[in-house]
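See below for the structure under consideration.
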Amino acid sequence: MSALRVQDIKDGKGPASSLFMSSETPRPVPNTGEALIKRSGNYPVPSQACKILGVEFSGTIVKVCDGKEKDNFVVGYEVFGLTYGGAYAEFVSVSTKMLIHKPNEISWEAAAGILEAWITAIQTMYFVANFAAGKSIPWHAGASSVSTAGIQLSKAYGESTIYTTAEKLLEATGGKEVDIIINFIEQSYFYRNLDSIALDGRIVIMGLLSGSEVPGRLDLQVFLVELALPKFANGTFRVPVEKIFDWKDIQETHALMESNMTKGKIICVVK
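Numbering of the sequence shown is given in UniProt numbering, commencing with residue 1 and proceeding in unit increments.
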């Protein structure tokens with residue numbers, strides 16, 4: 001079995017300086033219903049994922065295992081998607097249910113930065129906060145990837161004025177309370193949020209959302225394809241990118257992420 005290059009961690013854990021490129025990992029073999037993609041993008045790994053980092057990617061399908069396929073994904077299709085780790089590598093094997101066709105108008109780098117943030121924003125707005133046209137919705141941590149996605153969605157689908165700081169909220173609204181508050185920060189904003197929320201309003205505390213599984217196997221990608229993908233293709237929506245790195249510079253990449261001095265996504269290009 002051929003090997004591939006991956007970004008690995010010395011002893012399985014540690015700071016950014018523990019990252020290194022390994023050439024000894026076996027190339028993944030797709031199982032039934034999976035496709036093998038030659039990678040073109042990445043995103044940092046969640047704690048519960050596998051040893052190889054990376055959950056977001058974009059790339060070209062190079063193999064599809066026989067079996068049930070979704071939307072006729074075939075060799076040569078340009079796609080982007082999510083996986084439970086393994087995207088910091090030249091190839092990643094993932095269920096075709098986790099893939100979306102990449103429009104030609106979207107770059108590889110932008111496609112690799114869409115799914116996690118935008119699905120989180122859509123889930124938060126529509127399935128937790130019950131957002132609808134005409135509701136006011138401030139997004140704290142306005143430079144974060146989820147908030148930049150949420151702000152664009154809110155403007156496109158019914159809210160004309162978006163507020164991103166608690167200090168300016170009541171001042172900007174003339175003392176009027178708001179319907180929904182999206183809060184990543186929690187402790188320091190807790191009481192100010194209570195002062196700002198309208199009767200029967202909703203405060204969504206992003207840091208404490210209870211898990212990643214939705215009862216009934218709700219396919220949030222369908223909503224992303226409907227609400228966001230056409231607007232990415234026509235230029236209405238964009239993925240803010242702080243910096244694009246060569247994936248060989250992995251330690252520098254993670255050091256920048258750990259600094260918390262970024263706005264938008266950090267993208268690694270596999271070469």
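Backbone N, C-alpha and C fix where the C-beta goes; we use that ideal spot for every residue, glycine too.
The shortest CA-to-CA distance from residue 144 to any of 257, 221 and 27 is the one to 257.
In the displayed model, residue 17 falls within a helix according to three-state DSSP. Residue 233 is positioned such that its CB atom lies no closer than 8 Å to that of residue 119. In the displayed model, residue 28 falls within coil according to three-state DSSP, outside both helix and strand. For residue 183, the secondary structure class from DSSP, reduced to helix, strand or coil, is strand. For residue 198, the enclosing beta strand (DSSP E) covers residues 197–205. Only residues of its own chain outside the window of five on either side were considered, and among them 128, 129, 130, 179, 180 and 181 have a CB closer than 8 Å to the CB of residue 202, listed in chain order. A direct Cα-to-Cα measurement between residue 63 and residue 21 gives close to 24 Å.
Contact between residue 80 and residue 58 holds: CB atoms are separated by about 4 Å, below the 8 Å threshold. With a beta-carbon spacing of about 6 Å, residue 85 and residue 52 fall inside the 8 Å limit used to define contacts.
The residues 55, 56, 98, 115 and 116, in chain order, have a CB closer than 7 Å to that of residue 82 in the same chain once the five nearest residues on each side in sequence are set aside. DSSP, reduced to helix, strand and coil, places residue 137 outside both helices and strands of the structure shown, so it counts as coil.
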